[in-house]
Amino acid sequence: MTSIPVAPAARREQAARAAVEHGLLGPDQPVVGLLDVAGIRAAAAGLRAAFDEVVAPGTPVLHAFAVKAAALVPVLRLLADEGLGCEVASPGELALARAAGVTPDRIVLDSPAKTVAELREALTLGIAVNADNPQELDRLDALVGHGTPPAAPLGLRVNPQVGGGSIGALSTATATSKFGVALLDPGARAWVVRAFTERPWLTRLHAHVGSQGCPLELMAAGIRAAYELAEEINRTVGRQQIDTLDIGGGLPVNFASDEITPGHREYAQLLRGTVPGLFDGRYGLVTEFGRSLIAKSGLVLARVEYTKSAGGRPIAVTHAGAQLATRTVFAPDAWPLRVTAYDAQGRPKAEGDGGPVLQDVAGPCCFAGDLVASGRSLPELAAGDLVGLLDTGAYYFSNHFAYNSLPRPGIYGFDATGADGEVRFATVREPQTVDEIVAESGAKHALGLSRLR
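Residue numbering for the sequence shown follows my numbering, starting at 1352 and increasing by one per position.
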């Protein structure tokens, strides 16, 4: 039986109904996360195709998924099966990548606070490392020593200081960003050139400019600055010492509709026009996209436990709030989410005779600001209905905020592309139990403080 094309919105609706039918959520499991496997596969294929169009034939390209965006082993394994590696920024993320079967040659370690032990492990395993600052480069000097070149590709992260986007907390290329060597600071560029001249084993240059809220032109300007620096370094040393440019990720996501804009192809084409030498085959490429690969494929479904009214405003109290949608709750203007209404069977809820109703969609956390939507126009919600938080595939499932010791929900991947119309589910992460919450909160040490005198 062959598959037939099914639009993302239709797959989402099928999955919501099927999740209820399969008992993945209900009174005893009032919130669940769903991942559209077909959407993730399509995003990975689109990324590969976008850069295949612009690079010279034979150019080595590694697309390393930013693990922080979805730190879930089955997701990393799915992306690995689609040809992607992993970009990691902690020992935990490295362990997840390795548990997913990602080989060391397809892993890149980036972090502004790597310990000596982390660096030593990466060198031993042959994992690529981008040093963040001069002190870290000193540590690598001590670990690498002289003589045999390290098995791991080593690079240096620079901050081209081209400016920030609309979300200051996520802008990585501002004048005072904590990341990388600030290229425009007095003496910094000369120091970088000298650092490469003195270290023939330093063969990569890394710059990550974008993130949510950053325009593509700003991102491309940062990559151009890194490319021009690489050209200067190679001219100075008289050979192609820098052989790979790590251009980071940071492609923003449209959270206003199902449209995928901007896309990886749009960005790759802009880069080709802005930095044509980047793609002529002299440099290998590494990318580190995260949110743009998986955000659109995520759906949170949460049960409406109660409805009420305050000050004339209807309020639906649900089981999805700050513990999942942390950024949305604390910075709603920067991180608004689309919300859709379903009935108790997971079917799209029809509007009543009076049309949509302005209402608040609240979460379960015990503070007043725990709202995922305020004054949102929706079919009037009732107890037992479901709300869907769209575009939540990145950062919402694996970056749980343990406020009120609320459990992490179960996460399930789904496939709704079969010709038979059946929706198939696979477990990504089981729901956290109360016993697990108690255990990780120090239960076995319950008497420890009482025994201190």
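Heads up, the beta-carbon is just placed ideally off N, CA and C, and yes, glycines get one too.
Is it right to say residue i is buried, meaning 16 or more other beta carbons lie within 10 angstroms of its own, or is it exposed?
{"i": "Thr1527", "result": "exposed"}
{"i": "Leu1644", "result": "buried"}
{"i": "Leu1722", "result": "buried"}
{"i": "Ala1396", "result": "exposed"}
{"i": "Ser1517", "result": "exposed"}
{"i": "Ala1767", "result": "buried"}
{"i": "Glu1364", "result": "buried"}
{"i": "Ala1701", "result": "exposed"}
{"i": "His1670", "result": "buried"}
{"i": "Thr1743", "result": "buried"}
{"i": "Ala1794", "result": "exposed"}
{"i": "Ala1667", "result": "buried"}
{"i": "Thr1353", "result": "With a pLDDT of only 43 at Thr1353, under 50, the local geometry of the prediction cannot be trusted, and no value is derived from it."}
{"i": "Arg1362", "result": "buried"}
{"i": "Asp1631", "result": "exposed"}
{"i": "Arg1575", "result": "buried"}
{"i": "Gly1496", "result": "exposed"}
{"i": "Leu1732", "result": "buried"}
{"i": "Ser1728", "result": "exposed"}
{"i": "Asp1684", "result": "exposed"}
{"i": "Thr1612", "result": "exposed"}
{"i": "Asp1461", "result": "buried"}
What number of angstroms, rounded off, separates the C-alpha of residue i from the C-alpha of residue j?
{"i": "Leu1474", "j": "Leu1535", "result": "30 Å"}
{"i": "Ala1400", "j": "Leu1567", "result": "19 Å"}
{"i": "Ala1539", "j": "Arg1490", "result": "19 Å"}
{"i": "Pro1730", "j": "Lys1659", "result": "15 Å"}
{"i": "Ala1806", "j": "Tyr1618", "result": "Because the chain here runs from 1352 to 1804, residue 1806 falls outside it and cannot be looked at."}
{"i": "Glu1762", "j": "Leu1385", "result": "Here the sequence assigns Ile to residue 1762, which means Glu is not the residue at that position. Distance between the alpha carbons of Ile1762 and Leu1385: 6 Å."}
{"i": "Leu1800", "j": "Gly1531", "result": "42 Å"}
{"i": "Gly1705", "j": "Pro1381", "result": "28 Å"}
{"i": "Leu1391", "j": "Val1544", "result": "Checking the sequence, you will find Ile at residue 1391 rather than Leu. Between Ile1391 and Val1544, the C-alpha separation is close to 40 Å."}
{"i": "Arg1428", "j": "Ala1777", "result": "13 Å"}
{"i": "Val1588", "j": "Gly1477", "result": "25 Å"}
{"i": "Glu1791", "j": "Ser1756", "result": "10 Å"}
{"i": "Gly1672", "j": "Cys1716", "result": "7 Å"}
{"i": "Glu1656", "j": "Gly1735", "result": "6 Å"}
{"i": "Ala1389", "j": "Pro1537", "result": "49 Å"}
{"i": "His1796", "j": "Pro1758", "result": "21 Å"}
{"i": "His1373", "j": "Arg1449", "result": "32 Å"}
{"i": "Ser1608", "j": "Ser1562", "result": "19 Å"}
{"i": "Thr1677", "j": "Phe1752", "result": "7 Å"}
{"i": "Val1560", "j": "Thr1454", "result": "27 Å"}
{"i": "Val1712", "j": "Gly1739", "result": "11 Å"}
{"i": "Ala1370", "j": "Val1779", "result": "14 Å"}
{"i": "Glu1787", "j": "Lys1465", "result": "30 Å"}
{"i": "Gly1434", "j": "Val1637", "result": "13 Å"}
Looking at the unbroken beta strand (DSSP E) that takes in residue i, where does it start and where does it end?
{"i": "Pro1665", "result": "1664-1669"}
{"i": "Asp1403", "result": "Taken as a continuous stretch (DSSP letters only), Asp1403 belongs to no beta strand (DSSP E), being part of the alpha helix (DSSP H) at 1388-1403."}
{"i": "Glu1438", "result": "1436-1439"}
{"i": "Asn1481", "result": "1479-1482"}
{"i": "Arg1804", "result": "Careful: Arg1804 lies outside any beta strand (DSSP E) and carries neither H nor E."}
{"i": "Thr1554", "result": "1553-1557"}
{"i": "Val1495", "result": "Per DSSP, Val1495 belongs to no beta strand (DSSP E); it is in the alpha helix (DSSP H), 1485-1495."}
{"i": "Ile1458", "result": "1458-1461"}
{"i": "Arg1633", "result": "Note, Arg1633: premise wrong, no beta strand (DSSP E); not H, not E."}
{"i": "Arg1545", "result": "No beta strand (DSSP E) contains Arg1545, which is instead part of the alpha helix (DSSP H) from 1539-1548."}
{"i": "Val1560", "result": "Element bounds for Val1560: n/a, residue is neither H nor E."}
{"i": "Val1738", "result": "1737-1741"}
{"i": "Asp1597", "result": "1595-1597"}
{"i": "Gly1506", "result": "1505-1510"}
Going by the C-beta, is residue i closer than 7 Å to any heavy atom of the ligand COA?
{"i": "Arg1392", "result": "The ligand COA is absent from the structure shown, which contains no ligands of any kind."}
Contact check, residue i vs residue j under 8 Å by CB: the rounded distance?
{"i": "Val1680", "j": "Ala1724", "result": "In fact, because the Cβ distance is near 10 Å, the residues do not count as touching under 8 Å."}
{"i": "Ala1422", "j": "Glu1444", "result": "6 Å"}
{"i": "Leu1650", "j": "Ala1366", "result": "7 Å"}
{"i": "Gly1599", "j": "Ala1558", "result": "6 Å"}
{"i": "Ala1571", "j": "Thr1625", "result": "4 Å"}
{"i": "Asp1483", "j": "Pro1463", "result": "5 Å"}
{"i": "Gly1514", "j": "Leu1556", "result": "So it is not a contact: roughly 20 Å between Cβ atoms."}
{"i": "Glu1639", "j": "Ala1417", "result": "5 Å"}
Considering just the uninterrupted stretch of the alpha helix (DSSP H) at residue i, what are its terminal residues?
{"i": "Ser1728", "result": "No alpha helix (DSSP H) contains Ser1728, which is instead part of the beta strand (DSSP E) from 1722-1729."}
{"i": "Arg1616", "result": "1615-1625"}
{"i": "Phe1776", "result": "Element bounds for Phe1776: not the alpha helix (DSSP H) but the beta strand (DSSP E), 1775-1780."}
{"i": "Gln1365", "result": "1359-1372"}
{"i": "Asn1755", "result": "No alpha helix (DSSP H) holds Asn1755; DSSP gives it neither H nor E."}
{"i": "Thr1768", "result": "From DSSP, Thr1768 is part of no alpha helix (DSSP H); its letter is neither H nor E."}
{"i": "Val1708", "result": "Unbroken run through Val1708 is the beta strand (DSSP E), 1708-1713; no alpha helix (DSSP H)."}
{"i": "Asn1585", "result": "1567-1588"}
{"i": "Thr1475", "result": "1467-1476"}
{"i": "Val1785", "result": "1785-1791"}
{"i": "Leu1445", "result": "1442-1450"}
Could you tell me which whole beta strand (DSSP E) segments of length 3 or greater appear in the stretch 1402-1430? 1412-1417
What residue ranges within the stretch 1646-1706 form continuous beta strand (DSSP E) runs of no fewer than 3 residues, ordered along the chain? 1649-1661, 1664-1669, 1690-1693
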